[in-house]
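Using my numbering, read the sequence shown as starting at 924 and increasing by one per residue.
These notes are about the structure you will find just below.
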Amino acid sequence: CIYRTVLDGDFPVMAKVGCFDPSLSTLFVDDVADAALDFINDGLSLLNGPMPCVPVVAEFRNRLFGMGDIPDLSPAGTVSVTTDSDIVVGDFDVEWDRCLEGKFIQVEGDCRTYEIDKVLPPDVGLSPSIGRLKLTDLYENPSDTDLNYIICGRPNRLYISEPLEPECWPAANFLDIESGDGDRLMGAVSNFNRLVICKRNKTYVLTFNEQPAIEVVVPTRISSDIGCIGPRTFAQIESGSAWLSDRGIAMY
924 CIYRTVLDGD FPVMAKVGCF DPSLSTLFVD DVADAALDFI NDGLSLLNGP MPCVPVVAEF
984 RNRLFGMGDI PDLSPAGTVS VTTDSDIVVG DFDVEWDRCL EGKFIQVEGD CRTYEIDKVL
1044 PPDVGLSPSI GRLKLTDLYE NPSDTDLNYI ICGRPNRLYI SEPLEPECWP AANFLDIESG
1104 DGDRLMGAVS NFNRLVICKR NKTYVLTFNE QPAIEVVVPT RISSDIGCIG PRTFAQIESG
1164 SAWLSDRGIA MY
């Protein structure tokens, strides 16, 4: 069977084009348009999802852990929205890429946030190109143009790679650590048989065998008032781990 990416797309997000029997034919012609393929729900893409767009990565038990999603941002440009449409159109100043997928957009004058399903290519033949976002839900407010907007990430989500396969990040491999508490993940460090995870104001310990996405795993909070001031302030020491908190050096 033959799989391929979308034109200029990211590996390993692929869709199945078709299959052929090499004993009957040695030639396979790919004449299927991108629009006719499912790059979102294909099993191969779900299994071999690309690494999430996060700035902090830690290694523990032959896996990579990603965290530190973007805070609320007010990017350049403005957007236009249409009632009962799942498409948000940006002006010529927006700069959107794959890292927006799975995050949320909130437009001026609307208290609701909408999850971004994917970043679409510009309409064919349109020059200069205009960015477009596809939402998971239809936009409910009145149509409007030239609106400011903000992008919101998932600041409490911990992403997990496959064991011994740092390039594979299945969509189901994540843990939300007390989401909605107004805090955000700052970093993590391996500590013998545990992974110490810090938010800005809290500290957690994660333990598991080999399948954290399959087992029921809940990180244990070990401090409610000591966190980490930044992602590059961790160190492994002979007796465990150390990091810089608002109170000084914290150790575990």
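Heads up, the beta-carbon is just placed ideally off N, CA and C, and yes, glycines get one too.
Closest by C-alpha distance to D992, when choosing among N1064, T1126, V1128 and D1106: The residue from N1064, T1126, V1128 and D1106 with its alpha-carbon nearest to that of D992 is D1106.
Spatial distance of I925 from P1093 (CA atoms): The alpha-carbon atoms of I925 and P1093 are separated by roughly 20 Å.
Closest by C-alpha distance to T1001, when choosing among S948, D1067 and P945: T1001 has its Cα closest to that of D1067, out of S948, D1067 and P945.
Sequence-distant residues of the same chain with beta carbon closer than 7 Å to P1089, five excluded per side: Answer for P1089: L987, listed in chain order.
Integer Cβ distance of D1069 from K1057, believed to fall under 8 Å: Contact doesn't hold; Cβ gap of about 20 Å is too wide.
Sufficient close CB pairs (3 or more, under 8 Å) joining the stretch 946 to 957 to the stretch 974 to 985: Contact fails: fewer than three Cβ-Cβ distances are below 8 Å.
Buried versus exposed call for M1174 [16 or more other C-beta atoms within 10 Å across all chains shown]: The residue in question, M1174, is exposed, as its Cβ has fewer than 16 Cβ neighbours within 10 Å.
3-residue-minimum beta strand (DSSP E) runs that sit fully inside the stretch 1017 to 1093, ordered along the chain: Runs found: 1027 to 1030, 1037 to 1043, 1055 to 1058, 1067 to 1070, 1072 to 1075 and 1080 to 1083.
Inter-residue Cα distance where the pair is V1128 and I1152: Each residue's Cα considered, the two are about 17 Å apart.
C1121 - partner residues in DSSP beta bridges: Under DSSP, C1121 forms a beta bridge with G1110 and T1126.
G1110 and M990 closer than 9 Å at C-beta: Their beta carbons are under 9 Å apart, which means G1110 touches M990 by this criterion.
Endpoints, beta strand (DSSP E) assigned at I1100: Counting along the chain, no beta strand (DSSP E) covers I1100, and no H or E run does either.
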